[in-house]
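A short write-up of the structure that comes next.
Protein chains: 2
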Amino acid sequence: MSSRYLRKELGTLKPYIVDRAKYRIRLDANESFLRLEDYLINEMKDQISSALFNRYPDADSEAVCSLYAKYAGVSPENIMAGNGSDELIQVMVNTFIEKGEKVVVLSPDFSMYSFYTEIGGGIPVEIESDEEFDIDIDYLIKEVAKISPKMVILSNPNNPTGAVIKREDLIKLIESCNCLVVIDEAYFEFFRETLVDKISSYDNLIILRTCSKAAGMAAIRLGFLITNHQLLSELKSVKPPFNVNSISQSFGEVILKNENVIKLNSDKIVEQREILIQELRKFNDLKLFKTKANFVLIKFEKAEALNKRLLEEDIKVRSFGGGKLTNCMRITVGSEIENAGLLEVIKDFFQKGGKENE
Amino acid sequence: MSSRYLRKELGTLKPYIVDRAKYRIRLDANESFLRLEDYLINEMKDQISSALFNRYPDADSEAVCSLYAKYAGVSPENIMAGNGSDELIQVMVNTFIEKGEKVVVLSPDFSMYSFYTEIGGGIPVEIESDEEFDIDIDYLIKEVAKISPKMVILSNPNNPTGAVIKREDLIKLIESCNCLVVIDEAYFEFFRETLVDKISSYDNLIILRTCSKAAGMAAIRLGFLITNHQLLSELKSVKPPFNVNSISQSFGEVILKNENVIKLNSDKIVEQREILIQELRKFNDLKLFKTKANFVLIKFEKAEALNKRLLEEDIKVRSFGGGKLTNCMRITVGSEIENAGLLEVIKDFFQKGGKENE
Chain A
1 MSSRYLRKEL
11 GTLKPYIVDR
21 AKYRIRLDAN
31 ESFLRLEDYL
41 INEMKDQISS
51 ALFNRYPDAD
61 SEAVCSLYAK
71 YAGVSPENIM
81 AGNGSDELIQ
91 VMVNTFIEKG
101 EKVVVLSPDF
111 SMYSFYTEIG
121 GGIPVEIESD
131 EEFDIDIDYL
141 IKEVAKISPK
151 MVILSNPNNP
161 TGAVIKREDL
171 IKLIESCNCL
181 VVIDEAYFEF
191 FRETLVDKIS
201 SYDNLIILRT
211 CSKAAGMAAI
221 RLGFLITNHQ
231 LLSELKSVKP
241 PFNVNSISQS
251 FGEVILKNEN
261 VIKLNSDKIV
271 EQREILIQEL
281 RKFNDLKLFK
291 TKANFVLIKF
301 EKAEALNKRL
311 LEEDIKVRSF
321 GGGKLTNCMR
331 ITVGSEIENA
341 GLLEVIKDFF
351 QKGGKENE
Chain B
1 MSSRYLRKEL
11 GTLKPYIVDR
21 AKYRIRLDAN
31 ESFLRLEDYL
41 INEMKDQISS
51 ALFNRYPDAD
61 SEAVCSLYAK
71 YAGVSPENIM
81 AGNGSDELIQ
91 VMVNTFIEKG
101 EKVVVLSPDF
111 SMYSFYTEIG
121 GGIPVEIESD
131 EEFDIDIDYL
141 IKEVAKISPK
151 MVILSNPNNP
161 TGAVIKREDL
171 IKLIESCNCL
181 VVIDEAYFEF
191 FRETLVDKIS
201 SYDNLIILRT
211 CSKAAGMAAI
221 RLGFLITNHQ
231 LLSELKSVKP
241 PFNVNSISQS
251 FGEVILKNEN
261 VIKLNSDKIV
271 EQREILIQEL
281 RKFNDLKLFK
291 TKANFVLIKF
301 EKAEALNKRL
311 LEEDIKVRSF
321 GGGKLTNCMR
331 ITVGSEIENA
341 GLLEVIKDFF
351 QKGGKENE
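From first to last, the protein sequence lines are chains A and B.
Under our numbering, residues 1 to 358 are what the first sequence spells out, in order.
Under our numbering, residues 1 to 358 are what the second sequence spells out, in order.
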């Protein structure tokens, strides 16, 4: 039962369920499996020694934005930091979406695009990818024209499928549609194609980036938004003044001053991804989808039984409920040892004929 | 010029202006003048050594909420953490305020209540306090009944005036009005009257607290919301899942495990406040308002000239533009040395007859 104070339109909002349990092997949140190296932790401790805890953070996150701008190859005047990309999605919705305006999202895609659209009073409208989770760009453009949204937002590579849309296709979308286009490049480092070089060529392009994936810093909640001056100034007028705390700013600076770490780590993750894919291919009944991210989506008729078996072994992957994702599991690429632990259970499951659930 | 994408209704939004300049003496942001002691900094460094940077934070901020609950004398099931009170204000607006619904705010009060109300599509309606910045509770109740808002939100002690509303008056408001009542107790520790013991007695009471003032931790952006189970579950369904980063959670835990520090620090700040008030009283032309916070509001005909003089001496206080706050300055209580530096300039200003601006 809701209180009489709850907004009526939120009655249908699906809350984002977080699994807070502890697991022996956790491969469900697309986190990096790499722990920070000691020299970086020591640099962070030095930051703590000199931190002014009693003072508010820099409202503009200037130093960390400058470093991220350098890393991304854009000007510092085109960038703003957020408390994770989550906050930046919410700031975009609050800045641009009027009550009842439509936001096109893909299905499947990161569920928070719809979540924050609904909270902001907008209407998410889903466009489905095909059976291979690919997007036919001409179909997408035609549908967007029909729907006439204020914004299209999509992740590229796609979460949870790992599929990508080609650069020239995205440019076609940006040029043809009459609305904002937001490309969430959270998994950029595992794909290495970007549209940040195009932000000043269009009045309607916004790019999101994050330190939560390849940079291995999910704990500090640090995301970046990159766009043209006009949109950025409007977004900044809506952004909460002291949104990114001083410590996340300064730890972000440490990582970005050592940006080679991000490249090295994403190399290691991609290497493990390719090994994991090779091993998973050995199981004929598993369908693997193409991936350019730090996870692999698989489809398997006995996914529910396999998932049950994995949980018995204290291994957590992401399983999905319905629609085209029925019987799909998204497996984050883990360390060599974590992946071996996973593969061992899958192998054992197949050897026993996957009978657990029959 | 706005882009064609900006929400039309935001054309009137007044951005929150942050002064990012450095000053020799900074008394404009109601920060604590006390730096963290070394043993606390060392405990924080230990936290950094064991932090899992590659993992997302605890979505429920459970450990730090439990500690804050103990500190505040409430149950852990009545509390949620936010990225500063700012985020919690925004979550409340997003959860409860439909487009066009009214939110009553006091004038003067913390400007972010109106800011986030407008961003959320609500309409802030101001009720003015009297010439001494006091609120006649019967007048307030009558006006609220006329306006028929979804929510009343106010800070107690009031920022920027330092004035307080008595406990029994607030209870009268909560019991008589037909809407949510949010009491922002950001400055609680300098006043030591609270309504947290009443959260389960009413279906419409929400309390905000922060670590940015007496706890001296503005840098980590950690605020708390305390309310009944029903409202809390609705607020949690709208809260961004991983809103408080792991480091702010763990540094908050360090402070709250040493909660005697908060009491000791607020004692020191109140002591300096009383000395500052005594000294300021010596200047006959300055009107001082009663304060129960860590700042003092003064009114002075030559406020503009005095402010100019202070800035020349690299001292920053908060000055105000219009309405009843014309010629008012809000001075955060600083350290003994900072306050002496301020008083010296004021004394000199008066000795020269305040002629700078004439």
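Don't be surprised by glycine CBs; every beta carbon is placed ideally from N, CA and C.
Keep in mind it's a predicted model, so treat the numbers as computed, not measured.
query	result
Closest Cα partner of R55 of chain A within the set B:L40, B:P76, B:E43, B:K22	B:K22
Local Cβ density within 10 Å of I315 of chain A, reported as buried at 16 or more and exposed below that	buried
is_contact[Y16 of chain A, chain B] using C-beta, thresh 8 Å	yes
Local conformation of E185 of chain B per DSSP, three classes	coil
Coarse secondary structure for C177 of chain B, derived from DSSP in three states	coil
M92 of chain B Cβ short of 7 Å to the ligand GDP heavy atom set	Questions concerning the ligand GDP fall outside what the structure shown contains, since it holds no ligand whatsoever.
I207 of chain A, DSSP secondary structure in three states	strand
8 Å Cβ cutoff, V152 of chain B in contact with chain A	no
Beta-carbon contacts of L231 of chain A that lie in its chain and below 7 Å, excluding the five residues immediately before and after	I206
Proximal residues to S85 of chain B (C-beta, below 7 Å), its chain only, five neighbours per side dropped	D184, A186, L208, T210, G223
Neighbourhood of M329 of chain B by C-beta distance below 6 Å, restricted to the same chain and skipping five residues each side	I298, A303, V317, S319
Sub-8 Å separation of L40 of chain B and I255 of chain B beta-carbons	yes
With 16 other Cβ atoms within 10 Å as the buried cut-off, status of R309 of chain B	buried
V64 of chain B vs A81 of chain B beta-carbon contact at 8 Å	yes
Counterpart residues of E126 of chain A in DSSP-defined beta bridges	A:V105
8 Å Cβ cutoff, M80 of chain B in contact with chain A	no
Every unbroken beta strand (DSSP E) inside the segment 220 to 275 of chain A [3 residues or more]	222 to 227
Chain A contacts from the segment 105 to 129 of chain B (Cβ-Cβ distance under 7 Å)	I119, G121
Selected residue, minimal CA-CA separation from S266 of chain B, among B:N204, B:V333, B:G321, B:S237	B:V333
L208 of chain B: contacting residues in chain A (beta-carbon distance under 8 Å)	In chain order: nothing, as chain A lies at least about 15 Å away.
Nearest residue (CA-CA) to S176 of chain B, options B:T194, B:D197, B:E143	B:E143
is_contact[Q230 of chain B, chain A] using C-beta, thresh 8 Å	yes
8 Å Cβ cutoff, T12 of chain B in contact with chain A	no
Chain A contact residues for M329 of chain B, given Cβ-Cβ distances below 8 Å	Per Cβ cutoff of 8 Å: no residues; M329 of chain B is ~19 Å from chain A at best.
Minimum Cβ-Cβ distance from F365 of chain B to chain A less than 8 Å	This structure cannot settle anything about residue 365 of chain B, because the visible part of chain B is limited to 1 through 358.
Short Cβ contact (8 Å threshold) for T326 of chain A with G162 of chain A	no
Segment contact flag, the segment 92 to 103 of chain A with the segment 273 to 291 of chain A, C-beta cutoff 8 Å, min 3 pairs	no
Of the residues B:K347, B:I346, B:I331, the one placed nearest D28 of chain B, counting alpha carbons only	B:I331
Span separating the alpha-carbon of R221 of chain B from that of L288 of chain A	43 Å
Q272 of chain A versus S155 of chain A - alpha carbon distance	22 Å
Residues near T227 of chain B by beta carbon distance below 8 Å, same chain, minus five either side	N78, I199, L205, I206, I207, L235
With 16 other Cβ atoms within 10 Å as the buried cut-off, status of M217 of chain A	buried
Whole-angstrom distance between P157 of chain B and M112 of chain B, CA atom to CA atom	16 Å
Proximal chain B residues relative to R55 of chain A, where beta-carbon distance stays under 7 Å	E31, A218, A219
Residues, ordered as in the chain, of the segment 39 to 54 of chain B that lie near chain A by beta-carbon distance below 7 Å	I41, M44, K45, I48, S49, A51, L52, F53, N54
Short CB-CB distance (under 8 Å) between V254 of chain B and chain A	no
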